[in-house]
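**Q**
Below is the structure:
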């Protein structure tokens, strides 16, 4: 009985590690795509696409209003801060 429980726990830990690695790999993939499209589409559009895709992947479509709100507010706040307050030009 005890050996079975230990084996089940080990199996669950291995599945957890695999799913964590999958999530990390997908997030890194999103980051790679972001760096590739950044110069072509500019900061604002590429950031909206990146954050939107990332949040929809991590949170799912159930929280679409939150995902969309965070994406737009973050992108525009960052753009405004750099462009107007710090006077730093973004691509």
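In this note's numbering, the protein residues as written are -11 to 79. Beta carbons are placed, not taken as given, at the ideal position from N, Cα and C, and that holds for glycine.
Roughly how many angstroms separate the alpha carbons of residue 19 and residue 58, rounded to a whole number?
**A** Position 31 of the chain shown, counted from the start, is the residue given in the question as residue 19. Position 70 of the chain shown, counted from the start, is the residue given in the question as residue 58. Going by the C-alpha atoms only, they are around 18 angstroms apart.
**Q** Taking just the CA atoms, how far does residue 77 sit from residue 48?
**A** Looking up residue 48 in the chain shown gives position 60. Looking up residue 77 in the chain shown gives position 89. Approximately 33 angstroms, taken between the alpha carbons.
**Q** With DSSP run on the structure shown, which of helix, strand or coil describes residue 82?
**A** Coverage of the chain is limited to positions -11 through 79, which leaves residue 82 absent and any answer about it impossible.
**Q** Using alpha carbons as the reference points, say which of 54, 7, 60, 65 lies closest to residue 37.
**A** Taking the chain shown and counting its residues from 1, the one referred to as residue 37 is at position 49. Closest option to residue 37, Cα to Cα, is 60.
**Q** What residue range is occupied by the uninterrupted alpha helix (DSSP H) comprising residue 35?
**A** Translated into the one-based positions of the chain shown, residue 35 becomes position 47. First-last of the alpha helix (DSSP H) with residue 35: 31 to 47.
**Q** Would you mind sorting residue 7 into buried or exposed? The rule is 16 or more other CB atoms within 10 Å of its CB.
**A** Numbered from 1 along the chain shown, position 19 holds the residue referred to as residue 7. Answer is exposed; the Cβ neighbour count stays below 16.
**Q** Given a cut-off of 8 angstroms, decide if residue 44 and residue 55 are closer than it, judged by their beta-carbon atoms.
**A** Against the chain shown, residue 55 aligns to sequence position 67. Against the chain shown, residue 44 aligns to sequence position 56. Yes, they are a contact pair.
**Q** Using 8 angstroms for Cβ pairs, my map puts residue 12 next to residue 42. What's the rounded Cβ distance?
**A** Translated into positions along the chain shown, residue 12 becomes position 24. Translated into positions along the chain shown, residue 42 becomes position 54. With 8 angstroms as the limit, residue 12 and residue 42 do not qualify as a contact, their Cβ atoms being about 13 angstroms apart.
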